[in-house]
Structures are given as C-alpha cells and as structure tokens.
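Residue numbers (our numbering): 2 to 115.
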Ligand code: 5GP
Ligand code: ZN
C-alpha cells in the first residue's frame, strides 16, 4: 500500500523509533504518546482493521498477541499494560493499517476514555 503511513514506516521511508521487529510484525513508539509508555504493534502485511480479517490474518493477529507480553515486559511494563485496537471512524481509528496500542502506566494516561 503505497499511500499507507505505517507501510511507509515498515519500508523505512518514514523514520520511527523501533523497539521490536521480526518477520511478521513491527513495534515502534507512538509519535504522540498518550501514556508514559505507548507502543504500536503492527503486522508487516497491510491489514486495515478487525473488519478486514481473512483466516491467515486471524492467525497472524493471534501470534502477534502472543508476543505482546515479552515486548511489554522488555519495555519495562512488568506492572501491567493495556492493549487496544481502534476500528473504523466510530472506533476512533485514524491510521488504516491495523495496530495494537500497547499502553503502560495508564494511571497517567491522557487519552480520554482509554
Ligand atoms: P489510531 O487513532 O488509528 O488508533 O492510532 C494512530 C496512532 O498513530 C496515533 O496514536 C498516532 O499518534 C500515531 N501516529 C500517527 N502518525 C504517526 C507517525 O508518523 N509515527 C508514529 N510513530 N506514530 C504515529
Ligand atoms: Zn499499510
């Protein structure tokens, strides 16, 4: 997807602060953090959101969620964290490449409703 912001981050065309990468997912710091730790975990494959899942994408998201615990703990979130994915306009989605927000220390979060 040439016009997708997160595909450009995956391709390295837009710089980002990457904390984890493997052959199917990338995790980087949110540019406008809503909590003391705010990471975005995205599939390398372009998937729009939860309304855009085939069987392979469902399995991929399962594997991604399975890796979140280690990524969060490595980011210093041993005390706990929150994982969110926004879907379409009614869910507050702004970037249409599926991403899991990983938020740490949400007691200090500024994202109303989260
Ligand atoms: P959404 O509202 O789609 O669930 O979340 C999109 C997230 O992407 C927002 O939290 C926003 O701050 C973040 N974001 C938008 N543009 C960029 C960017 O260029 N780089 C990074 N690292 N994060 C971005
Ligand atoms: Zn994309």
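Every residue, glycine too, gets a C-beta built ideally from N, C-alpha and C. It should be emphasised that the depicted structure is a prediction, and the values quoted were computed from it without experimental measurement.
| Exposed unless 16 or more other CB atoms sit within 10 angstroms - verdict on residue 105 | Counting C-beta atoms within 10 angstroms of its own C-beta, residue 105 has 16 or more neighbours from the protein chains shown and is therefore classed as buried.
| So does the stretch 61–81 actually touch the stretch 21–30, counting three or more Cβ pairs closer than 8 Å? | Flag = yes, the stretch 61–81 and the stretch 21–30 touch.
| query | Between which two residues does the beta strand (DSSP E) containing residue 42 stretch? | reply | Residues 38–44.
| task | If I'm right that residue 31 touches residue 40 with Cβ under 8 Å, what's the distance once you round it to whole angstroms? | result | Under the criterion of beta carbons closer than 8 Å, residue 31 and residue 40 qualify as touching, at roughly 7 Å.
| task | Give every residue whose Cβ lies closer than 5 Å to any heavy atom of the ligand 5GP, listed in chain order. | result | In chain order, the hits are 17, 31, 32, 33, 87, 94, 95 and 96.
| For residue 98, is the beta carbon positioned less than 7 Å from some heavy atom of the ligand ZN? | Yes, since a heavy atom of the ligand ZN falls inside the 7 Å radius drawn around the Cβ of residue 98.
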